[in-house]
Structure formats: C-alpha cells, structure tokens
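>
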Amino acid sequence: DAFKKIAHEEIQKCLFRNTITADDFRFIVQGTDKPYLTLLPMFNMANYRHQLILSCDLPKDVLETYAAERAKDPSAVFYIGTTKDVKLESILAGSFEAMLEKGLPAKNQPPPQRYASNFQVTNIKALKNSPIDSKYLDPSFPDYMYFYLYGTKDQKHIEHMLVSSSNAQLTSDQVDLQLSSGSALSEADLAKGLIVRLDNIHENIVLPVLPPNTPAFFTAGKELKVSIFQDPHAADAHGPGLTDPLSKATPIASGTLKLGKMVYADSVLLNGNPALDGTLEVNEGVSGNTLEERLTATRRNFVAEDNQHVDSYYKRRDKQAAWRHYVEKNLSSIGHDTAGVRPQRSHHH
Numbered sequence: 004d005a006f007k008k009i010a011h012e013e014i015q016k017c018l019f020r021n022t023i024t025a026d027d028f029r030f031i032v033q034g035t036d037k038p039y040l041t042l043l044p045m046f047n048m049a050n051y052r053h054q055l056i057l058s059c060d061l062p063k064d065v066l067e068t069y070a071a072e073r074a075k076d077p078s079a080v081f082y083i084g085t086t087k088d089v090k091l092e093s094i095l096a097g098s099f100e101a102m103l104e105k106g107l108p109a110k111n112q113p114p115p116q117r118y119a120s121n122f123q124v125t126n127i128k129a130l131k132n133s134p135i136d137s138k139y140l141d142p143s144f145p146d147y148m149y150f151y152l153y154g155t156k157d158q159k160h161i162e163h164m165l166v167s168s169s170n171a172q173l174t175s176d177q178v179d180l181q182l183s184s185g186s187a188l189s190e191a192d193l194a195k196g197l198i199v200r201l202d203n204i205h206e207n208i209v210l211p212v213l214p215p216n217t218p219a220f221f222t223a224g225k226e227l228k229v230s231i232f233q234d235p236h237a238a239d240a241h242g243p244g245l246t247d248p249l250s251k252a253t254p255i256a257s258g259t260l261k262l263g264k265m266v267y268a269d270s271v272l273l274n275g276n277p278a279l280d281g282t283l284e285v286n287e288g289v290s291g292n293t294l295e296e297r298l299t300a301t302r303r304n305f306v307a308e309d310n311q312h313v314d315s316y317y318k319r320r321d322k323q324a325a326w327r328h329y330v331e332k333n334l335s336s337i338g339h340d341t342a343g344v345r346p347q348r349s350h351h352h
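First residue of the sequence shown? That's 4 in the working numbering, and the numbers climb one at a time after it.
1) Quick check: what's the CA-CA separation for P277 versus L188?
2) If I measure Cβ to Cβ from E226 and keep anything under 6 Å in the same chain, skipping five residues before and after, which residues do I get?
3) What is the residue span of the beta strand (DSSP E) that Q56 lies within?
4) Indicate whether the contact test is met: 3 or more Cβ pairs, each with one atom in the segment 26-41 and one in the segment 151-163, closer than 8 Å.
5) Bridge partners of F46, per DSSP?
6) Counting only the same chain and skipping the five closest in sequence on each side, list residues whose C-beta sits under 7 Å from that of N274.
7) From A79, A237, I14, H11, pick the residue whose C-alpha is nearest to that of K264; which is it?
8) Looking only at DSSP bridge pairs, what is Q33 linked to?
9) Is the CB-CB distance between G256 and L140 below 8 Å?
10) Using the Cα positions of C59 and F99, report the straight-line distance between them to the nearest angstrom.
11) Roughly how many angstroms separate the alpha carbons of A223 and A74, rounded to a whole number?
12) Using the C-alpha atoms, what's the distance from D247 back to H11?
13) For R20, count the other beta carbons within 10 Å of its own beta carbon; 16 or more makes it buried, fewer makes it exposed. Which is it?
14) If you measure between the beta carbons of M221 and L173, is that distance less than 8 Å?
15) Does DSSP classify I83 as helix, strand or coil?
16) Which first and last residues belong to the alpha helix (DSSP H) in which Y147 is found?
17) Which residue marks the beginning of the beta strand (DSSP E) containing T174, and which one marks its end?
18) From L57 to Q15, what does the alpha carbon distance come to, in whole angstroms?
19) Report all residues from its chain with a CB closer than 6 Å to the CB of E190; omit the five preceding and five following residues, and keep chain order.
20) Out of I83, G97, S93, which has the shortest C-alpha to C-alpha gap to N107?
21) Measuring alpha carbon to alpha carbon, tell me which of M48, T35, K8 ends up nearest T24.
22) Mapping DSSP to helix, strand and coil, what is L193?
23) Alpha carbon to alpha carbon, how far is S133 from N50?
24) So N126 is in the beta strand (DSSP E); what residue range does that whole segment cover?
25) What are the partner residues of Q233, as DSSP defines its beta bridges?
26) Give the single residue among F232, V124, E206, S137 whose Cα lies nearest to the Cα of P145.
27) Look at the Cβ atom of L61, then the Cβ atom of P44, and state whether they are nearer than 8 Å.
28) Using the rule of at least 16 other Cβ atoms within 10 Å of the residue's Cβ for burial, across every protein chain shown, is R52 buried or exposed?
29) Taking the runs of the alpha helix (DSSP H) that are 4 residues or longer, which of them lie wholly in the segment 88-117?
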C-alpha cells in the first residue's frame, strides 16, 4: 500500500545517507604561506559527517597562483576539490589529485573560475578530524562560541567548533590577533591548534538560525573579545562534551581577534538533506545532479520565512524527527541510526 511504499523509500534514503562511499570533496583554502584545508561538512550525509581541518603541501606554482589571486581579491573564497570520487580515508592517507577554483557553482552563473587542475595535494595531516554524527553531538548549544585557532606565526585561521546540530559553518583566514594578557602563542601551539572563546558572543543566543541565515556578527573585519585555551583533545576526539573542559580551564592568553577579509558562513549545505540521487532536498521534489544544482535547490527551499511562519518550520522539523525515530527503530537490526549516525568506524576509536 501507499504507506509501505513511502516507508520503503524513506528507509532507502536513510541507508543512502548513512553509507560511506566514494564522493567528491570540497575544502575551503586558508592561508597563503602554509595552506590549510577545511572541509565543507554535512550533518545528514555520512561521507561529509566530519569536522575536518587539514594541513598540506601544494605544488609551488599552484601556491603562487593562489597567493597572487587572493592578493587581487582578498575577500574571495577559494576551494580545492577532488577531481574524481574518492573515499575520505584515501585523502587522509596523505594525498589526492585536486583542482583549485574561486567560489562555488551557482544557478544562472558561469562556472567557478578554475586556476589549476590535476595537481597533487601532498603531506596531508589532520589537525582536526572530529565525527559529527548525532551521537557525538551535544543536546544543546554551549554558553559561549568556540573556534579552532591554527596556522603560523604570520597567518592565523579560525573554524567554528561544530558541537551541536542545526549549526553554522563559520570560517575565516588570516585573522588579526592582538593579545592584551598571557603569553605569546608559539609556532608549535599554532601548528597543533588552539581553541578561541568569543567572550561576548553566546552561542545559545545566536544559534540556531533559520537557513540560509547565519550569525550576523560574523563579517569581515569584525573585532571580537577573545580568550585562548590549549586544546585538551586529540585530533580525532569526538563529542559529546568537547567544550565542557573549557568552562573550567584557565586561558593561556586573551585579547581581541579581528576577522580576516575572507569570511565564509553557511547554514544551508551543513544542514541540508541529501536525496537518493545525491541532490539536496529540504522540501519534496528537489532535483539536480551537479553540485551547482544541489546548492541551487537547497537555496531555493531555504528561503528565509517571515516571523509569523517560524513556528511552522519547527513543527515540520519535529515531524521529521518523529519520522526518523520511527525508521531508526525499524533499522536497528542492521546497525544504522537514521538520525545521523553511520556504522562504527575503527579509526575514530
């Protein structure tokens, strides 16, 4: 009957979202001296269910081209992507074949400008590789907003810690840090990675946002009061509770952080629901096979609603949660958690 048909389709969709496969991966490029790559993550797709920050080496000519283009357009977001579908573990093994582009595909726009193709990204090391499956997330937002801080003495970068669902990816590079107290940050600390707390921004107030909105404070050049902590966790640590030790820790330094000219803020891709054909769906009937079509479809469905409609959005989300709970119960025998947990993988333990 109709219910069985719909149930079957939904179960297939849940399996699809929770199965690790070869896929295309896109990373935001940070830094022009030593390059860092930060993954475009997705809560609802197993392949992208990671907060992943990598250090790497690029061929000299590619790095020079990128640095020159960034100098011409300092606010632009550049991406390095895979040239063919691969599994994430092969990237983490140390290298992949890549391309360099400015911007992401968008409907009725020419394709992003490509500056280099078929080059090797090498010497890949994971600064952070935290799984963001639902079982690893906190049930609520922390009091303060925390970012990973990393890079070199001359160029420091930040990436928002994703510790709960309905979140936003917030990224900036070449931030300006002025310390008013504490010790100077060592090259070794920055290479390993530190944690920055925004002292005047409360995450449980600025989040969640209704996509495509993102926290309004996160704009180029914004100055923020910060405290800096040693990161108590290993590179592959997972939650819940990643920010808990920081509430009791003593900062190693404090001061002001000024966001760089390049800022990236997204709530659409991070929270989108992929369909069986690899497209993103928010409401029914979204289709499209390319990244451009997926992004366009998601943007179209995530039109910000007027205030009087906000309640219906949350009701719809509650219905989806109830449905996921039903399917999760019926899938337990085959080890899938449709709320967003992929099968166990040994390298996270």
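C-beta atoms are modelled at their ideal positions from N, C-alpha and C, and glycine is treated no differently.
Computed from a predicted model, the values in this text were never measured in an experiment.
On the basis of the data shown:
1) Rounded to whole angstroms, P277 to L188 spans 41 Å at the Cα level.
2) If we look at E226 and ignore the five residues flanking it on each side, its Cβ neighbours are T259, K261.
3) Before going on, a small fix: residue 56 reads as Ile here, not Gln. Counting along the chain, the beta strand (DSSP E) containing I56 begins and ends at 53-60.
4) The way I'd put it, the segment 26-41 does touch the segment 151-163; three or more beta-carbon pairs between them come closer than 8 Å.
5) For F46, which the question treats as bridged, DSSP gives no partner whatsoever.
6) Same-chain partners within the cutoff: F46, S169, P214.
7) Looking at A79, A237, I14, H11, the one whose alpha-carbon comes closest to that of K264 is A79.
8) Note: Q33 sits in a beta bridge opposite Y39.
9) As written in the sequence, residue 256 is Ala, which differs from the Gly given in the question. Not a contact, by the Cβ cut-off of 8 Å.
10) Between C59 and F99, the C-alpha separation is close to 11 Å.
11) Answer to the nearest angstrom: the Cα atoms are 16 Å apart.
12) Using only the alpha carbons, I get a separation of about 40 Å.
13) Buried, since its Cβ has 16 or more Cβ neighbours within 10 Å.
14) The question names Met, yet the displayed sequence has Phe at residue 221. A contact, by the Cβ cut-off of 8 Å.
15) Strand.
16) For Y147, there is no enclosing alpha helix (DSSP H), since its DSSP letter is neither H nor E.
17) T174 -> beta strand (DSSP E) spans 172-185.
18) Straight-line Cα distance between these residues: approximately 33 Å.
19) Excluding positions up to five away in sequence, the list reads K156.
20) For the sequence presented, residue 107 should be read as Leu rather than Asn. Of the candidates I83, G97, S93, the residue whose Cα lies closest to the Cα of L107 is I83.
21) Measuring from the Cα of T24, the nearest candidate turns out to be M48.
22) Looking at L193 - three-state DSSP - the assignment turns out to be helix.
23) Taking the straight line joining both Cα atoms gives about 13 Å.
24) N126 -> beta strand (DSSP E) spans 116-134.
25) DSSP output for Q233 lists L197 as bridge partner(s).
26) Of the candidates F232, V124, E206, S137, the one whose C-alpha sits nearest the C-alpha of P145 is E206.
27) No, they are not a contact pair.
28) Residue environment analysis places R52 among the buried positions, since at least 16 neighbouring C-beta atoms fall within 10 angstroms of its C-beta.
29) Taken in chain order, the whole alpha helix (DSSP H) runs of length 4 or more contained in the segment 88-117 are 91-95.
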